[in-house]
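Below is one structure, written out as C-alpha cells; the observations come after it.
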Amino acid sequence: MRSSLLILATIAARAAAHYTFPSLIIGGQVTTAWEYVRLTNNFDSQAPVTNVNSSDIRCYDSAEPGTASTVTVNAGDTIGIESDGTIYHPGVVNVYMAKAPSSVSGWAGDGSVWFKVYQITAVTNGGTSITFPAEGLPGVSFPLPKALPTGQYLVRMEAIALHVASTYGGAQFYISCGQINVENGGSGTPGPTVAFPGAYTGYEPGILININYPIPKTYTQPGPAVWTG
Ligand SMILES: *[C@@H]1O[C@H](CO)[C@@H](O)[C@H](O)[C@H]1NC(C)=O
Ligand SMILES: [Cu+2]
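Structure (C-alpha cells):
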C-alpha cells in the first residue's frame, strides 16, 4: 500500500514536470546553463511564478540578483533561449527586452522599459480546437530587429503554462532573463513598453482562461504588440 502510494506520488511529480530557461542560444549554439542568464530562484525546484504582482514576475532572481555574464551579438542576429527540458505544458510564449542605461550587469530593469520582440500564441478554430505550438519545444529562437539600438539589454523569456489557468492565479509563469550586448544597431524606437510587475493583472483573457471546456473560440495573447523594428 505504502509503496504504491509512493509510486503514485512519483508519477504525479513527473506529470507536473516544470522547467527553467537557463541558456541563451548564440550563433546556433546552446550556451552553458546560467552563463548568460541570471540564476533564477527556481534553478533547482523549477517551480513557476504564479503571482503577477510579485517582483519575481520580472526576472525571478530575487534570491541572488545579477549573476550572469553578458554576450555580444549584432542587431539582426537570430538568438534564442533554451529550456532545461522542454516547454512541457500547453501555453504561450512571450520574449521581452529592456535596454540598460549603461552596463546591463546588475541592472534591475525597473520602470516601463520592456518591449516585446517575439511571441508564440495559441491557434484557435472558432471553438472546435485550440492548439499550442510552443508546447513541447526545447526552446525558442527569434531575430533581433536590425533597428534595435546598440547597447546592453536584458532578454526576458516568459512561457505561460495554461493547463490550470481557469482559476485566478492558476497560470504558471516560467521566466528567466539573459544579458546581451548589441552591436551594429539601428535607430529604431522599441515599443510599446510595459513594466514588470505591472504588465499583467492576471485577469487578462489570455491568462485567466479555461483551455479545456468550453474550447475557446479565440485566444488573446497577453502583453503589448511585438516590436519588429
Ligand atoms: C495584482 O494587481 C492587480 C492590479 O492592481 C489586482 O487586480 C490583482 O488582484 C492583484 N493580484 C494579486 C494576486 O495580488
Ligand atoms: Cu509544471
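Counting with mature numbering (1 follows the signal peptide of the UniProt record, and there is no 0), you get residues -17 to -1, 1 to 212 for the letters of the sequence shown. We put the CB at the ideal spot given by N, CA and C, even for glycine. Source: prediction; values computed, not measured.
ask   = T53 and S88 look like a contact to me (Cβ under 8 Å); what is the Cβ gap, rounded to whole Å?
value = 6 Å
query = Secondary structure at I40, three-state DSSP: helix, strand or coil?
reply = helix
ask   = By DSSP, does V96 sit in helix, in strand, or in coil?
value = coil
key: Classification of Q12 by the beta-carbon crowding that lies within 10 angstroms, buried from 16 upward   = exposed
task = Just the C-alpha distance for Y101 and G174, rounded to the nearest angstrom, thanks.
result = 12 Å
inquiry  = Quick check: is any heavy atom of ligand 1 less than 6 Å from the C-beta of N34?
reply    = yes
query = With respect to the beta strand (DSSP E) encompassing P126, which residues constitute its N-terminal and C-terminal limits?
reply = G122 to P126
Cβ pair E65, G122 closer than 7 Å = yes
query = How close, in whole Å, do the beta carbons of T23 and I158 come, if the pair is a contact with beta carbons under 8 Å?
reply = 7 Å
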